[in-house]
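> Residues in the sequence shown are numbered consecutively from 6, following the working numbering.
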Amino acid sequence: MDTPEEAKRGRGRSTTTRRYDAEGSRAALVSAAARCFGKYGYDGTSIRDIGRTAEVDAALVYRYFGSKQGLFEAVSTSSTALFEPLRQLPLDEVAEWLHRVAFHGPDEDEVPHPVLTMLRSPSREEAVGQLRADVTEVFTESFAARLDGPDAEIRAELLAAWMLGMTLLRLAVRTPALSAAPDRTLPYVRVAVDSLLHPGEPDDGAAGGCRCPVSGG
Numbered sequence: 006m007d008t009p010e011e012a013k014r015g016r017g018r019s020t021t022t023r024r025y026d027a028e029g030s031r032a033a034l035v036s037a038a039a040r041c042f043g044k045y046g047y048d049g050t051s052i053r054d055i056g057r058t059a060e061v062d063a064a065l066v067y068r069y070f071g072s073k074q075g076l077f078e079a080v081s082t083s084s085t086a087l088f089e090p091l092r093q094l095p096l097d098e099v100a101e102w103l104h105r106v107a108f109h110g111p112d113e114d115e116v117p118h119p120v121l122t123m124l125r126s127p128s129r130e131e132a133v134g135q136l137r138a139d140v141t142e143v144f145t146e147s148f149a150a151r152l153d154g155p156d157a158e159i160r161a162e163l164l165a166a167w168m169l170g171m172t173l174l175r176l177a178v179r180t181p182a183l184s185a186a187p188d189r190t191l192p193y194v195r196v197a198v199d200s201l202l203h204p205g206e207p208d209d210g211a212a213g214g215c216r217c218p219v220s221g222g
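Now the structure itself:
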């Protein structure tokens, strides 16, 4: 792990630095750290890697965040922005939003996915607690309050499970079928999301069968 002195000694070694104000430097470091942690994990990322990627003085990590762990925590906090649109999003746009998040971005080097952050965190218990708090606040409490019908909180958390699971398969597991044909998944996502937003009677599936789209192939 780099110390403040090592970060200072690393200045100027084939690294171009940009001039930012304090806010710009902080933002550049958080963005660069998200990319580095996403690609290399916490242990595989050095302070100098982050400074080089951000094109700022690596020693600023210690000035603004105190340590690499402090910067990691700032990145983890910023990752909750992934959920924020759901607070105000019209219900008829939820399926498309979920599909965009799961299959078309952000990539793990842009906004770190909360599950990847949890898996790569040096303090797993704290990361799990943060993810639980974020899902509870945005899905279980805020979004569920907008749903009509029974079991609103359960349905909201199932939506979270879909989003987190599909994104994890795309970014970390990289399963072949979902990776090869992301656009073909949208009709299925629409059906699944609709069943959570507008549930029918409990025995609808048994009586009427699945409303899944039929592939043309």
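Think of the CB as a built atom: it goes at the ideal place given N, C-alpha and C, for glycine as much as any other residue. Predicted model only: the values in this text are computed from it and were never measured.
1) When the Cα atoms are used, what is the spatial distance from L94 to A39?
2) Pair every Cβ in the stretch 184-201 with every Cβ in the stretch 131-144, then say whether three or more of these pairs are closer than 8 Å.
3) Taking the alpha helix (DSSP H) that D48 falls in, what are its first and last residues?
4) Looking only at its own chain, which residues have a Cβ that is under 8 Å from the Cβ of V198, when we skip the five neighbours before and after it?
5) Taking L202 and L96 to be in contact with their CB atoms under 8 Å, please state how far apart those CB atoms are, rounded to whole angstroms.
6) Helix, strand or coil: which one does DSSP assign to R137?
7) Mind listing, in chain order, the continuous alpha helix (DSSP H) runs of no fewer than 4 residues lying wholly within the stretch 159-212?
8) Under 8 Å by Cβ, that's how I've got D62 and G56 pegged, so tell me the actual separation to the nearest angstrom.
9) Return the CA-CA distance between R151 and E89, expressed in angstroms with no decimal places.
10) Hey, could you find the ends of the alpha helix (DSSP H) E101 is sitting in?
11) By how many angstroms is the C-alpha of E131 removed from the C-alpha of A32?
12) When we look at the beta-carbon of V66 and count the other beta-carbons within 10 Å, is it buried (16 or more) or exposed?
13) Out of Q74, R53, V178, point me to the one whose CA is closest to A64's CA.
14) Less than 6 Å between C-beta atoms, sequence neighbours within five positions excluded: which residues of the same chain meet that for G222?
With the structure as the only source:
1) Our two residues, L94 and A39, have alpha carbons roughly 26 Å apart in a direct line.
2) Below 8 Å, too few C-beta pairs join the stretch 184-201 and the stretch 131-144 to call them touching: fewer than three.
3) Boundaries cannot be given for D48, as no alpha helix (DSSP H) includes it and DSSP labels it neither H nor E.
4) Once the five neighbours on either side are set aside, the close Cβ partners of V198 are V99, A100, L103, L164, W167.
5) Confirmed, about 6 Å.
6) Three-state result, R137: helix.
7) Listed in chain order, they are 181-185, 191-202.
8) Indeed they touch by this definition, with Cβ atoms about 6 Å apart.
9) Linking R151 to E89 through their CA atoms gives a straight-line distance of about 15 Å.
10) Taken as a continuous stretch (DSSP letters only), the alpha helix (DSSP H) holding E101 covers 99-108.
11) Answer to the nearest angstrom: the Cα atoms are 23 Å apart.
12) Counting Cβ neighbours within 10 Å, V66 comes out buried, since at least 16 surround it.
13) The shortest Cα separation from A64 among Q74, R53, V178 belongs to R53.
14) Confidence at G222 is low in this model, with a pLDDT of 45, below 50, so the placement of that residue should be treated as unreliable; the coordinate-derived value is given next. Listed in chain order, the non-local C-beta contacts of G222 below 6 Å within the same chain number zero, local neighbours out to five positions each way being set aside.
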